[in-house]
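Structure record follows, encoded as structure tokens.
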Amino acid sequence: MKRLRTWFAAELERLDVKAYPSSGNFLLANFGPSGPALFQKLEKKGILLRERSKDIGPGFVRITIGTQSEMQRLLKTIRKEWKTPA
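The sequence shown finishes on residue 121 if you use our numbering, and the numbering steps up by one all the way, no holes.
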């Protein structure tokens, strides 16, 4: 899981998403102001994330690390649905 979490964090960073280190089975990521709209799109596709916008700030989300295939699906969906801020 540690290797998968590290890989996923690096992939998010490649999309200009700030990922924060964690020693648990999750990571915290900041998608910025456009994050909440993305999280709603993901939820409609059955991908549930723990949005932390109210606690930390708009665009923050806690992502639980799943299996390799689940994380690849999430990354593919993020790439498709999320518009990187200019």
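Heads up, the beta-carbon is just placed ideally off N, CA and C, and yes, glycines get one too.
Asked: Reference K79; option with closest CA among R40, E116, R38; Found: E116
Asked: Same chain, Cβ closer than 7 Å to I98, neighbours up to 5 away in sequence not counted; Found: F61, L62, A64, L84
Asked: Three-state secondary structure (DSSP) of I113; Found: helix
Asked: Proximity below 9 Å, CB of F95 to CB of S88; Found: yes
Asked: K53 - containing beta strand (DSSP E), residue span; Found: 53 to 55
Asked: Residues that T99 bridges to, as DSSP identifies them; Found: F61
Asked: Contacts around L50, its chain only, beta-carbon distance under 8 Å, and the 5 residues preceding and following it disregarded; Found: I113, R114, W117, T119
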